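Asker: Numbering (this note's numbering), first residue to last: 1 to 138.
Let me give you the structure first, and then I'll get to my questions.
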């Protein structure tokens with residue numbers, strides 16, 4: 001029996017909110033089908049390119065509380081006041097180049113014991129980025 005994992009799909013918290021999403025409804029189903037121990041929980045969002053109902057229609061759970069999730073996926077930076085201590089996050093943090101506007105985010109990640117996987121740093125053997133986001137989704 002595979003180890004169960006709960007993946008949380010974050011509502012984008014920046015203002016104005018980003019409409020893009022890390023996983024489309026169909027990709028959530030594909031992930032759960034390919035890896036039977038994985039479940040996806042989606043935080044509700046009125047601004048996302050895909051409606052909450054589109055996720056519900058495919059049997060994906062919609063819930064405000066993502067604290068039980070093992071991994072939290074977003075697109076852009078997560079506001080500091082929305083970070084959950086000790087969690088693993090995946091998003092574009094815009095901190096690797098020491099961007100001044102995100103120094104507090106990096107400090108909070110370190111202070112809260114968060115594991116941050118920055119999409120910008122995921123590369124292949126040739127050093128090319130392997131994650132890119134389009135107009136609506138990754």
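Note that CB positions come from ideal geometry on N, CA and C, so glycine has one too.
Predicted model only: the values in this text are computed from it and were never measured.
When DSSP labels each residue in this structure, what does residue 70 get in the three-state scheme?
Answerer: Reduced to three states, the DSSP call for residue 70 is coil.
Asker: Between 98, 60, 47, 64, which lies nearest to residue 38 when the distance is taken from Cα to Cα?
Answerer: When only C-alpha atoms are compared, the closest one is 60.
Asker: In the DSSP assignment, the beta strand (DSSP E) including residue 33 goes from what residue to what residue?
Answerer: Unbroken run through residue 33 is the alpha helix (DSSP H), 25–34; no beta strand (DSSP E).
Asker: Quick one: grab the DSSP three-state call for residue 77.
Answerer: Correct three-state label for residue 77: coil.
Asker: Note down, in chain order, each residue of its chain lying with its Cβ closer than 6 Å to the Cβ of residue 70, except the 5 sequence neighbours on either side.
Answerer: Closer than 6 Å at Cβ, skipping near neighbours: 5, 6.
Asker: Verify whether the separation of the beta carbon atoms of residue 80 and residue 108 is less than 9 Å.
Answerer: Going by C-beta atoms, residue 80 is nearer than 9 Å to residue 108.
Asker: Relative to the C-alpha of residue 95, which residue among 73, 88, 119 is closest?
Answerer: Comparing Cα positions, the closest option is 119.
Asker: So who's on the other strand from residue 8, going by DSSP bridges?
Answerer: For residue 8, which the question treats as bridged, DSSP gives the partners 41, 72.
Asker: Specify the secondary structure class of residue 50 as computed by DSSP and reduced to three states.
Answerer: In the structure shown, residue 50 sits in coil (DSSP, three-state: anything other than H, G, I, E or B).
Asker: When you compare only the Cα positions, how much space is there between residue 54 and residue 87?
Answerer: Roughly 27 Å separates the two Cα atoms.
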